[in-house]
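Sequential numbering from 172 applies to the sequence shown in the numbering used here. Below is one structure; the comments refer to it alone.
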Amino acid sequence: MPETQDHRKFVYDFTEGNKDLKDLLGGKGANLAEMTNLGLPVPPGFTITTEACKVYLDSGEEPPALRDEVSAHLEALEGKMGKKLGQPDDPLLVSVRSGAKFSMPGMMDTVLNIGLSDDSVAGLAAQAGDERFAWDSYRRLIQMFGKTVLGVDGDLFEEAIEEAKRAKGVTVDVDLDADDLKRLVGEFKEIVAEETGRTFPQEPREQMDLAIRAVFDSWNGDRAKLYRRQERIPHDLGTAVNICSMVFGNLGPDSGTGVAFTRDPASGHQGVYGDYLQNAQGEDVVAGIRNTVPLAELERIDKQSYDQLMQIMETLETHYKDLCDIEFTIERGKLWMLQTRVGKRTAGAAFRIATQLVDQGLIDEAEALRRVNGAQLAQLMFPRFDEEAAAGDSVRKIGRGIAASPGAAVGKAVFDSYTAVKWSRSGEKVILIRRETNPDDLDGMIAAEGILTSRGGKTSHAAVVARGMGKTCVCGAEELEVDTKRRRMTVPGRDGKDGLVIEEGDVVSIDGSSGKVYLGEVPVVPSPVVEYFEGRMHAGADDADELVGAVHRIMAYADRVRRLRVRANADNAEDAARARRFGAQGIGLCRTEHMFLGERREMVEHLILAHTDEEREAALDQLLPLQKNDFVELFEAMDGLPVTVRLLDPPLHEFLPDITELSVRVALAESRKDHNENDLRLLQAVHRLHEQNPMLGLRGVRLGLVIPGLFAMQVRAIAEAAAERMNAKADPRAEIMIPLVGTVQELEIVREEAEQIIEEVERARGVDLKLTLGTMIELPRAALTAAQIAESADFFSFGTNDLTQTVWGFSRDDVEASFFTAYLEKGIFGVSPFETIDRDGVGALVRDAAQAGRATRPDLKLGVCGEHGGDPESVHFFHEVGLDYVSCSPFRIPVARLEAGRAAVNGG
């Protein structure tokens, strides 16, 4: 059967695309096309699509039509530029850059100066009138190409450069002259030959083709896959490749390269933010190898380019209606735009910028809500350093760098990624300290509490990646001398204080909001956002934090538009009161087993050990008034709001002593002839109740059916507490939830008994309690027979923690400690199904059970009470399937409120 021809277009000129084609052209290619369409100064070029990459990754070969398409676009580019790729007397040089749909800073490959060779380096020197520049460009090509395309260890090139500087007695690259760089080129070519067994390719088209293939391959590189897992970026998108005519920032003092932001990505404040480096190429800025000057300095260095850049930045922000991140190069006084994208920002900046853009009329409130997310809000709720304690004698300020990504981080100093990961897995909190980070440090950056570098600015690799991950980061702390080989950091003496050496394992604290670095552990205080949610800070107060005002506005809008209500998982009045302050609209799960711990455990033991009905009733009578008081306090804290009380769920053996500990105690007593009758009975009970798999044993509704009077006591306590509150003119709204139901018959029996007790209390107290009875759907069978179960249930609450365990056949406590890490690393899970709802499995059961339940009982109330109720992605799913509410721990309530609002504006 003949092969079908692939008629897809795989290459687009920059003049053909636009910013909405990110799926096809990647973020970089789409935005280069958009800037070209806006008439901004963009070097000509073309983009190879993500579709071509996907064909290559699936088949191991490029699409058959790709080479001819690239040749046609290269010929058109050569015609536009008036010179050929690698032309000996006047070479056209190009960059080959990756560019996926979602920004992955530093995670994939880039090669500059493609087209340079032994034949064309002299032509470049003649055209530029600068021999040093030409040899510097050539050594950069061999270094980048060798590391990226040919797989040579990059340290070999760096060591050669360091040796050349030592031999000349200089400390910076720019002090190497043309002859030094010419010698380096020779050394670099020798390194390539020794390490790869081949010479450095001299044919320009071969260079370009190999670089394109390397960019495709880099999509599946270890660091790229790790970054995608961390950022939850799908693995099947592929990357585009951008071929762009080179412009040079390393032609002398009237040239340079920089990165700019239209607003401060750390705070969100408007102004001139970015870094500039004279006589340099782009990778020098991002790598943080040379310290940059603030972008504002460009006005003094080259006012004409500075003014043009300011105008372009305003154009781009107005056009994209968002913070823009811009890369630019100045070549002998001419400004060129190399990239723009909607910039990564800190959590605080995200909220501030969103409200600023609303005030400027660029976006509406719905779009402002889309621009922030629950993960950012959660980050804003983390504690910060206590400034008074930081100024005290218990810690010492040892330096200050650039506040690159805010937060308060404390940990033991480590100086390489491997140690950061190793110590973190052992439970240690660590701060990763480097001169500068590179993409190979990603593992350690993820493992660390925070990142500290002695080089680089707000646009360095460390800063950009840390902001994207929400990690605390301080960059460019120049006074701190980092020695990664000896695993130490030296602090110079000053202000009458001696210098000191910080060894690996010493505790340091870094403040990503101020850039301050301390030796020792600085205490933390609550964040102003938490103070706001607690009601101790008011958004409209004179001393209110600007960030609090932004959070208040967006939260208020989210509350207005959301359909999903948000409840709390709370077991006592204190947690309930806090949940209410945080915006909870009731309690979705009160776990009554927590009320039987502490001093009451002995009463439960009496219940378990009871041999007669009289003994059992006596034990239950002891527990009844205590349970009732618990519920009175809870109903008082949540007056006027629903409170869902789950009847006892765990196996009874959890209330008894550990079997090993008790066996030893009995054996020792017997050896001393000191028999303890109670311990013997307890041991017998423990053996009697012992189960191989208690999660699937005698628990939940089964307890209520097997142990007479247990659920009846709890129902009576709830009813009497509600009656007492009604008699006090309050408004209790109790909902009784029967756990672990697998068949409607179980629910019917428990419901019948419960209704009799409620009627008794209503008659005795003269009240109409309006109590509702429902069940947790946490077994696959319950989900599959939801239509039947709904006949006897006023509500369903999906217990997604246990439902996930029973659907997957996982024991959470066991699997998370044994093989989950391997499953995540192998890509079997993108994220733990206990963290984010498994839409295809557990989610399908939730959706089907909700539909079946409502088909039987249209007014059936539906909620979720697993911790998925506070997970941002899961909240969107629960909105989609039509649940009425989510319930989560008190601290996650603001996140759930925000995400419920975002779900409403995204999906209606």
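Cβ coordinates follow ideal geometry from the N, Cα and C atoms, glycine included.
Straight-line CA distance for residue i to residue j?
{"i": "Asp820", "j": "Arg952", "result": "18 Å"}
{"i": "Val814", "j": "Ser595", "result": "40 Å"}
{"i": "Arg852", "j": "Glu785", "result": "18 Å"}
{"i": "Ala721", "j": "Thr526", "result": "6 Å"}
{"i": "Leu330", "j": "Asp654", "result": "Per the sequence shown, the amino acid found at residue 330 is Glu instead of Leu. Roughly 15 Å separates the two Cα atoms."}
{"i": "Glu174", "j": "Ala296", "result": "The predicted position of Glu174 is uncertain, since its pLDDT is 49 and thus under 50; a value taken from the coordinates is nonetheless stated next. Whole-angstrom Cα-Cα distance: 49 Å."}
{"i": "Glu926", "j": "Ile948", "result": "21 Å"}
{"i": "Leu551", "j": "Glu702", "result": "11 Å"}
{"i": "Arg1018", "j": "Asp407", "result": "26 Å"}
{"i": "Arg657", "j": "Gly325", "result": "20 Å"}
{"i": "Met660", "j": "Thr433", "result": "35 Å"}
{"i": "Ala431", "j": "Arg1025", "result": "54 Å"}
{"i": "Leu287", "j": "Lys360", "result": "13 Å"}
{"i": "Leu448", "j": "Leu469", "result": "9 Å"}
{"i": "Pro554", "j": "Gly676", "result": "23 Å"}
{"i": "Gly598", "j": "Gly519", "result": "29 Å"}
{"i": "Ile1007", "j": "Ala236", "result": "Per the sequence shown, the amino acid found at residue 1007 is Thr instead of Ile. Approximately 41 Å between the Cα atoms of the pair."}
{"i": "Leu881", "j": "Glu891", "result": "16 Å"}
{"i": "Gln793", "j": "Ala840", "result": "30 Å"}
{"i": "Phe499", "j": "Asn462", "result": "17 Å"}
{"i": "Leu203", "j": "Asp194", "result": "14 Å"}
Given a cut-off of 8 Å on the beta-carbon distance, is the pair residue i and residue j in contact?
{"i": "Ile569", "j": "Val585", "result": "no"}
{"i": "Pro577", "j": "Thr643", "result": "yes"}
{"i": "Pro910", "j": "Leu768", "result": "no"}
{"i": "Pro1061", "j": "Leu548", "result": "no"}
{"i": "Gly197", "j": "Ala411", "result": "yes"}
{"i": "Phe217", "j": "Ile362", "result": "no"}
{"i": "Phe802", "j": "Ile889", "result": "yes"}
{"i": "Ala349", "j": "Glu302", "result": "yes"}
{"i": "Leu355", "j": "Ile332", "result": "yes"}
{"i": "Gly647", "j": "Ser565", "result": "no"}
{"i": "Val737", "j": "Ala1071", "result": "yes"}
{"i": "His894", "j": "Arg936", "result": "The amino acid at residue 894 is misidentified as His; the sequence shows Ala. For Ala894 and Arg936, yes; Cβs fall inside 8 Å."}
{"i": "Met275", "j": "Ala395", "result": "yes"}
{"i": "Leu1016", "j": "Ala961", "result": "no"}
{"i": "Thr971", "j": "Val1035", "result": "yes"}
{"i": "Ile928", "j": "Ala883", "result": "yes"}
For residue i, tell me which candidate among the options has the shortest Cα-Cα distance.
{"i": "Glu933", "options": "Leu613, Gly670, Arg896", "result": "Arg896"}
{"i": "Ala958", "options": "Arg1028, Gly1001, Asn972, Asp973", "result": "Arg1028"}
{"i": "Lys336", "options": "Asp611, Leu352, Ser266, Glu365", "result": "Leu352"}
{"i": "Arg724", "options": "Ile617, Phe522, Ile758", "result": "Phe522"}
{"i": "Arg1068", "options": "Val1052, Gly757, Arg836, Phe990", "result": "Gly757"}
{"i": "His782", "options": "Ala364, Glu205, Pro879", "result": "Pro879"}
{"i": "Val265", "options": "Ser274, Phe273, Lys254, Met275", "result": "Lys254"}
{"i": "Ser416", "options": "Asp746, Ala293, Leu248, Ile501", "result": "Leu248"}
{"i": "Gly231", "options": "Phe387, Asp714, Lys600", "result": "Phe387"}
{"i": "Thr221", "options": "Asn208, Lys180, Arg238", "result": "Lys180"}
{"i": "Gln510", "options": "Leu487, Ala518, Val529", "result": "Leu487"}
{"i": "Gly913", "options": "Leu867, Asn450, Arg658", "result": "Leu867"}
{"i": "Gly980", "options": "Asn864, Gly504, Val1046", "result": "Asn864"}
{"i": "Lys687", "options": "Thr624, Phe316, Lys844, Arg734", "result": "Thr624"}
{"i": "Thr943", "options": "Glu674, Val816, Asp1011, Ala619", "result": "Val816"}
{"i": "Tyr689", "options": "Asp716, Ala710, Pro697, Leu651", "result": "Leu651"}
{"i": "Arg503", "options": "Leu211, Leu528, Phe304, Pro699", "result": "Phe304"}
{"i": "Val1076", "options": "Val877, Val182, Arg731", "result": "Arg731"}
By DSSP's criteria, residue i is part of a beta bridge. Which residues make up the other side?
{"i": "Ile602", "result": "Ala584, Gly621"}
{"i": "Ser269", "result": "Val412"}
{"i": "Phe966", "result": "Lys1032"}
{"i": "Leu256", "result": "Leu263"}
{"i": "Ile285", "result": "Val265"}
{"i": "Asp654", "result": "Arg659"}
{"i": "Ile681", "result": "Ala580, Val688"}
{"i": "Cys224", "result": "Answer by DSSP bridge pairing: none, since Cys224 is not bridged."}
Can you tell me the Cβ-Cβ gap for residue i and residue j, rounded? I've got them flagged as a contact below 8 Å.
{"i": "His1050", "j": "Ala1074", "result": "4 Å"}
{"i": "Met508", "j": "Val213", "result": "5 Å"}
{"i": "Met809", "j": "Ala747", "result": "5 Å"}
Within the present structure, is the beta-carbon of residue i separated from the nearest heavy atom of the ligand FAD by less than 7 Å?
{"i": "Pro405", "result": "By its list of ligands, the structure shown contains no ligand whatsoever, and the ligand FAD lies outside what it can speak to."}
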